[in-house]
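Visitor:
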Amino acid sequence: MPAHPRHRSIRDGHFHDLDTLEYLDRIGFEEAWIGEHYMMPSEPCPSPDLLIAQAFLKTKRIKLAPGAFMLPFHHPAELAHRISWLDHISEGRLMVGIGASGTNLDLEMFNIDHKSGAHREMTAESIAIMTRFWESEGPFEHRGKYWTVRRPADQMDKCSGYHLKPFQQPYPPIGVTGLSASSATLALAGANGWIPISFCFTPQYLHTHWAAVERGALEAGRAAPSRDMWRVSRPFFVADTDKEAWRRSVGGEMGRYFREDYLPMLAGNNALGLLKHHPDVPDSDVTMEYVAQHCWIVGSAETVRQRIEDMQAQSGGFGVLHIMCFDHLDDLAATRDSYAALAGIVANDF
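Residues in the sequence shown are numbered consecutively from 16, following our numbering.
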C-alpha cells in the first residue's frame, strides 16, 4: 500500500510505516512492496524509494520493493540510477515493481493520455531503456517515441562516466501486478521472466493468472516458469475466533478503507467486477460485507489456514503469499498479533 485514514498526518503515517516494516522483518516476513501514488489521499506515498531507503537502515533481512514505480512518471535514465543506488545500499535486498499506473488523476496530472494507451507504451519503452543501461558495456543512444537517451562515452581520464550499475547482476528482480482475469500484464511477466503478482480478490479466476504467465512464456520462447515465483495478494486478519476477526477487520481501518476509499474508486471506474465471485452479481450487491465474505481471508487461525489451502487448490499452487497492510495505529496490538499469527501459519503449514 501503504494506506492511512485521512486524519493521519503524513509524518505520523510515514513513521508508522517504517515501524511496521521493522516489525515485519523481526517476525520473519520475507518481503514487502510499497506503492506509488500522487492523487490518492488514502495512500499518500509519492516516493516509495525514500521510504524504502530509510527502511533498509532499520531492517536486517526483509527484501523491499517499490510496488510499483509508475514508469511513465519518471525519466528512465534517472530512475535506473536511483534503483542501482538503492540496490547497493541494501546489498541486494531490493526488488523492483514496475507499472503503467491505473490512477486516472495521476496520469492526467502528468498530461499522459491513458485512453490511447500511451502510459503502457511509455512503460515498455522505459524498462527497455533501464535494462539497456544496466546491461550495457559501452556508449549507446536510444531514440524512442517518448524519450531520447544516451550513455555517453566515458571521459578519457575516467573521472566521469557511467558507473552505477546494480549490486545484483544484471539487475534486481522485476515484478508486475495483474488484477483482471487472464491478465495481459501477467503474460508480460511470463514473456520477460519477471515476478508475477496477482492482486486478486476473487479466487474463482486466480487460475487464469498463472495460465497467462505460462502463455506469455511460451509465446516468447521461454521455459515454463516455476510457480514458486508467483505472488498472490489478499487482505487478511487473524484473531482468536472468526467473530473477533470479523469485528476487528470489518469494523476497523481495513473495513473503513474499503468502504470509504476502495469501493467508491472501483465504482467510479466501473471496475466492481474485480470483486465479484460471479459476473452476474449486480454492482449494488458489492457491499463492504460482501467484500469481506468473498474477497478477504478473515477468521481464526484454523479458518485462515483452510482458506489458504483452498486458494492453493483453486490456483494450482503459488509460492509467496502477500497480505495487504493497513494503518493500525488505533488497533496496534491486535493487528500485530494477526501478522504474527499469519507468519506462524505459513511457516508451520505451508
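Cβ atoms here follow ideal geometry from the backbone N, Cα and C, with glycine treated the same way.
Under 8 angstroms: do the region 73 to 88 and the region 31 to 39 share three or more Cβ pairs, one atom per stretch?
Guide: Result yes; three or more Cβ-Cβ pairs closer than 8 angstroms.
Visitor: Using the three-state DSSP reduction, which class does His-29 fall into: helix, strand or coil?
Guide: Looking at His-29 - three-state DSSP - the assignment turns out to be helix.
Visitor: Quick test of the definition: if touching needs 3 or more C-beta pairs under 8 angstroms, does the region 201 to 214 touch the region 227 to 242?
Guide: The region 201 to 214 is in contact with the region 227 to 242.
Visitor: Classify Met-137 as buried or exposed, calling it buried when 16 or more other Cβ atoms lie within 10 Å of its own Cβ.
Guide: When all chains shown are included, Met-137 counts as buried.
Visitor: Taking the alpha helix (DSSP H) that Ala-80 belongs to, which residues open and close that run?
Guide: Run containing Ala-80: none in the alpha helix (DSSP H); it sits in the beta strand (DSSP E), 78 to 81.
Visitor: What is the rounded straight-line gap between the Cα of Phe-211 and the Cα of Glu-140?
Guide: Contrary to the premise, residue 211 reads as Pro rather than Phe in this sequence. In a straight line, the C-alpha of Pro-211 is about 20 angstroms away from that of Glu-140.
Visitor: Quick one: give me the first and last residue of the beta strand (DSSP E) that Leu-336 is part of.
Guide: Where Leu-336 is concerned, the enclosing beta strand (DSSP E) stretches over 335 to 339.
Visitor: With three or more C-beta pairs closer than 8 angstroms as the rule, is the region 276 to 286 touching the region 211 to 223?
Guide: Segments in contact, no.
Visitor: Tell whether a beta-carbon distance below 9 angstroms holds between Ile-49 and Ile-113.
Guide: Contact: no.
Visitor: Please state whether DSSP places Thr-350 in a helix, a strand or coil.
Guide: Helix.
Visitor: Can you grab the Cα-Cα spacing for the pair Cys-310 / Glu-156, in whole Å?
Guide: Rounded to whole angstroms, Cys-310 to Glu-156 spans 47 angstroms at the Cα level.
Visitor: If you follow the beta strand (DSSP E) that Trp-48 is part of, which residue opens it and which one closes it?
Guide: Here the beta strand (DSSP E) through Trp-48 covers 46 to 49.
Visitor: Pick from Tyr-354, Met-85, Asp-172: whose alpha carbon is nearest that of Ala-254?
Guide: Nearest C-alpha to Ala-254: Tyr-354.
Visitor: Applying the criterion that 16 or more other CB atoms from any shown protein chain within 10 Å of the CB defines a buried residue, is Ser-24 buried or exposed?
Guide: So Ser-24 ends up on the exposed side.
Visitor: Touching or not, the region 325 to 335 and the region 264 to 276, by the rule of three or more beta carbon pairs under 8 angstroms?
Guide: Taking 8 angstroms as the limit for Cβ pairs, the verdict is that the region 264 to 276 does not touch the region 325 to 335.
Visitor: Using 10 angstroms around the beta-carbon of Thr-449, count the other beta-carbons present and answer buried if the total reaches 16, otherwise exposed.
Guide: With the chain represented from 16 up to 365, any question about residue 449 goes unanswered, as that position is not in the structure.
Visitor: Among Glu-275, Glu-317, Ile-360, Ser-116, which one has its Cα closest to the Cα of His-19?
Guide: Of the listed residues, the one whose Cα sits closest to His-19 is Glu-275.
Visitor: From what residue to what residue does the alpha helix (DSSP H) around His-96 run?
Guide: Counting along the chain, the alpha helix (DSSP H) containing His-96 begins and ends at 91 to 104.
Visitor: My guess is that Ser-131 and Leu-122 are in contact by the Cβ rule of under 8 angstroms, so how many angstroms apart are they, rounded?
Guide: Incorrect: roughly 11 angstroms between the Cβ atoms, too far for contact.
Visitor: Looking only at its own chain, which residues have a Cβ that is under 8 angstroms from the Cβ of Leu-86, when we skip the five neighbours before and after it?
Guide: Around Leu-86: Leu-94, Ile-113, Gly-114, Ala-115, Met-137, Thr-138, Ser-141, Ile-142.
Visitor: For the 8 angstroms Cβ check, are there 3 or more pairs between the region 302 to 317 and the region 239 to 255?
Guide: Judged by Cβ distances under 8 angstroms, the region 302 to 317 makes contact with the region 239 to 255, as three or more pairs qualify.
Visitor: Does DSSP classify Gly-176 as helix, strand or coil?
Guide: Coil.
Visitor: Output the residue ranges of the beta strand (DSSP E) runs that lie fully inside the region 285 to 315 and measure 3 residues or longer, sorted by chain position.
Guide: Counting only runs of 3 or more, we get 312 to 314.
Visitor: Leaving aside the five residues before and after Pro-63 along the sequence, list all residues of the same chain whose C-beta is less than 6 angstroms from its C-beta, in chain order.
Guide: These residues qualify, in order along the chain: Ile-49, Glu-51, Pro-81.
Visitor: Tell me the start and end of each unbroken beta strand (DSSP E) in the region 136 to 188 that is at least 3 residues and wholly inside, in chain order.
Guide: Segments of the beta strand (DSSP E) lying fully in the region 136 to 188: 155 to 158, 163 to 166.
Visitor: Is it buried or exposed for Thr-118, if we count other Cβ within 10 angstroms and need 16 for buried?
Guide: Thr-118 should be labelled buried.
Visitor: Beta carbon of Arg-21, beta carbon of Pro-56: below 9 angstroms?
Guide: For Arg-21 and Pro-56, yes; Cβs fall inside 9 angstroms.
Visitor: In the structure shown, what three-state DSSP assignment does Pro-63 receive?
Guide: Three-state result, Pro-63: helix.
Visitor: In the DSSP output, which residue or residues are listed as bridge partners for Ser-213?
Guide: Note: Ser-213 sits in a beta bridge opposite Gly-193, Val-247.
Visitor: If contacts are defined as beta-carbon pairs under 8 angstroms, then Phe-182 and Asp-102 qualify, I think. What distance do you get, rounded to the angstrom?
Guide: Confirmed, Cβ separation roughly 4 angstroms.
Visitor: Looking only at its chain, what residues have a beta carbon closer than 6 angstroms to the beta carbon of Leu-109, apart from the 5 residues adjacent to it on each side?
Guide: So the list reads Leu-101, Asp-102, Pro-187, once near-sequence residues are dropped.
Visitor: Mark Asp-32 as exposed unless 16 or more other C-beta atoms lie within 10 angstroms of its C-beta, in which case mark it buried.
Guide: It counts as buried.
Visitor: Let me make sure I understand the geometry here. Which of Asp-257, Met-145, Met-124 has the alpha-carbon closest to that of Pro-185?
Guide: Checking every option, the nearest Cα to that of Pro-185 belongs to Met-145.
Visitor: According to DSSP, is Met-269 helix, strand or coil?
Guide: Three-state result, Met-269: helix.
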